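Participant: Quick note: the sequence shown uses full-length UniProt numbering, first residue 1, plus one each step.
For glycine and all other residues, C-beta sits at the position ideal for the given N, C-alpha and C.
Since the model is a prediction, treat every value here as computed from it, not as a measurement.
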Amino acid sequence: MCQQRPSALRREERGHAALGEGGAASNAGAAAASKDPPRRKWSSGAEFTIACIGYAVGLGNFWRFPALCFNNGGGAFLVPYTLTLLLIGMPIFLLELGMGQKFQIGGAELWKRVHPSLGGLGVASITATAIVAVYYNVVVCWALWYFFRSFAWDGVLPWAESRGGALQFWEVDTLHCRPAQNLSSAAPETCAWGAGTTWPQEPGIARPGPLRWPLVGCLALGWVLV
């Protein structure tokens, strides 16, 4: 018993030393983790729902969707649209939400966590979003310009007055057959006023024309708002 006691003491000392080193390592890891800023979380389910609606509903819902319905058969277009929404759109949207809650990282790194060979999906998604934002902000720029110009009037909007026959164009009515002498109709004054004063149409892409500084300012404001 006397010979075994020193060895037992040495084993106990080594165990305490190992525990001390492990505790120091865990404390160092906790200190390093405490340096990272805490992740912000949704305060309620309603806040998360509103954020998702703001993410999913955009300019395309008010601008492109009515035009797509009109150009593709009206109400008949809603049938394939609804099927595509239920079978493809909603599952992908729910997949993105689930993966975001699981990994809690950016889109560029998210697919790498799933599999390293899928890293290009995140980059492609960010690239597509950037390209769409370029021309969507141009439409926002037009809306801002009309919004600001609507304040500069003396009882009559700048585009409310007819500008004569110079703005005539040929239009085919999609609902009724018109006589040949009535195929000419006036363009909407909102379009004609903008095309004639603010952004005159140039001959082509080879001659873009000078910068329209009011539109440049509205475009810059659109980028700031977005």
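Need the endpoints of the alpha helix (DSSP H) that glycine 60 sits in, please.
Facilitator: Start at 1 with the first residue of the sequence shown, and residue 60 comes out as number 60. Unbroken alpha helix (DSSP H) run through glycine 60: 59–62.
Participant: Go to lysine 112, then tell me how far its alpha helix (DSSP H) extends in each direction, as first and last residue.
Facilitator: One-based indexing of the sequence shown puts residue 112 at position 112. Residues 107–114.
Participant: Tell me the DSSP secondary structure of phenylalanine 169 in three-state form.
Facilitator: Here residue 169 refers to the residue found at position 169 of the sequence shown. Note that phenylalanine 169 scores a pLDDT of 42, beneath 50, so its modelled location is shaky and nothing firm can be said.
Participant: Taking contact to mean at least 3 C-beta pairs separated by less than 8 angstroms, is the stretch 98–114 in contact with the stretch 74–89?
Facilitator: Result no; under three Cβ-Cβ pairs closer than 8 angstroms.
Participant: Is there contact here, the stretch 123–130 with the stretch 105–113, by at least three beta-carbon pairs under 8 angstroms?
Facilitator: Verdict: yes, contact present.
Participant: I need the DSSP call for leucine 149, collapsed to helix, strand or coil.
Facilitator: Residue 149 sits at position 149 when you count from the first residue of the sequence shown. One point to set straight first is that residue 149 is arginine, not leucine, in the sequence displayed. Helix, per DSSP.
Participant: Apart from the five residues just before and just after glycine 122, which ones in its own chain have a Cβ nearer than 8 angstroms to its Cβ?
Facilitator: Translated into positions along the sequence shown, residue 122 becomes position 122. Answer for glycine 122: Gly106, Gly107, Ala108, Glu109, Leu110, Trp111, Lys112, listed in chain order.
Participant: What are the boundary residues of the alpha helix (DSSP H) that alanine 206 is part of?
Facilitator: Indexing the sequence shown from 1 puts residue 206 at position 206. Segment: none, alanine 206 is in no alpha helix (DSSP H) and carries neither H nor E.
Participant: Identify, in the order they occur along the chain, each residue of the same chain with its Cβ nearer than 6 angstroms to the Cβ of cysteine 69, setting aside the five sequence neighbours on each side.
Facilitator: The residue labelled residue 69 in the question sits at position 69 within the sequence shown. Same-chain partners within the cutoff: Phe77.
Participant: Looking at the secondary structure, which residues open and close the alpha helix (DSSP H) in which leucine 78 lies?
Facilitator: Working through the sequence shown from its first residue, we reach residue 78 at position 78. From DSSP, the alpha helix (DSSP H) with leucine 78 extends over 78–84.
Participant: For tryptophan 223, name the three-state secondary structure that DSSP assigns.
Facilitator: For the purposes of this step, residue 223 is taken as residue 223 along the sequence shown, with counting starting at 1. In this structure, tryptophan 223 counts as helix in the three-state DSSP scheme.
Participant: Output the distance between the C-alpha atoms of valine 226 and leucine 85, rounded to the nearest integer angstrom.
Facilitator: The sequence position of residue 226 within the sequence shown is 226, counting from 1. The sequence position of residue 85 within the sequence shown is 85, counting from 1. Rounded to whole angstroms, valine 226 to leucine 85 spans 26 angstroms at the Cα level.
Participant: What residues in its chain sit with their C-beta under 8 angstroms from that of phenylalanine 93, if we drop five residues either side in the sequence?
Facilitator: In the sequence shown, counting from the first residue as 1, residue 93 sits at position 93. Correct list, in chain order: Ala56.
Participant: Need the endpoints of the alpha helix (DSSP H) that glycine 45 sits in, please.
Facilitator: Reading the sequence shown from its first residue, position 45 is the one you call residue 45. First-last of the alpha helix (DSSP H) with glycine 45: 45–56.
Participant: Rounded to a whole number of angstroms, what is the C-alpha to C-alpha distance between isoleucine 50 and glycine 120?
Facilitator: By 1-based counting over the sequence shown, the position of residue 50 is 50. By 1-based counting over the sequence shown, the position of residue 120 is 120. Spanning the two alpha carbons is a distance of roughly 29 angstroms.
Participant: Just confirm the distance between the C-beta atoms of leucine 59 and valine 139, as a whole number of angstroms; I'd bet it's less than 8 angstroms.
Facilitator: Within the sequence shown, the letter at position 59 stands for residue 59. Within the sequence shown, the letter at position 139 stands for residue 139. About 6 angstroms separates the two Cβ atoms, so the contact holds.
Participant: Once you ignore the five residues that flank glycine 164 on each side, which residues in its own chain have a CB closer than 7 angstroms to its CB?
Facilitator: If you number the sequence shown from 1, residue 164 lands on position 164. Residue confidence for glycine 164 is low, a pLDDT of 48 falling below 50, so the modelled location carries little weight; the figure read from the coordinates is stated next. Within the same chain, glycine 164 has no close Cβ partners at all.
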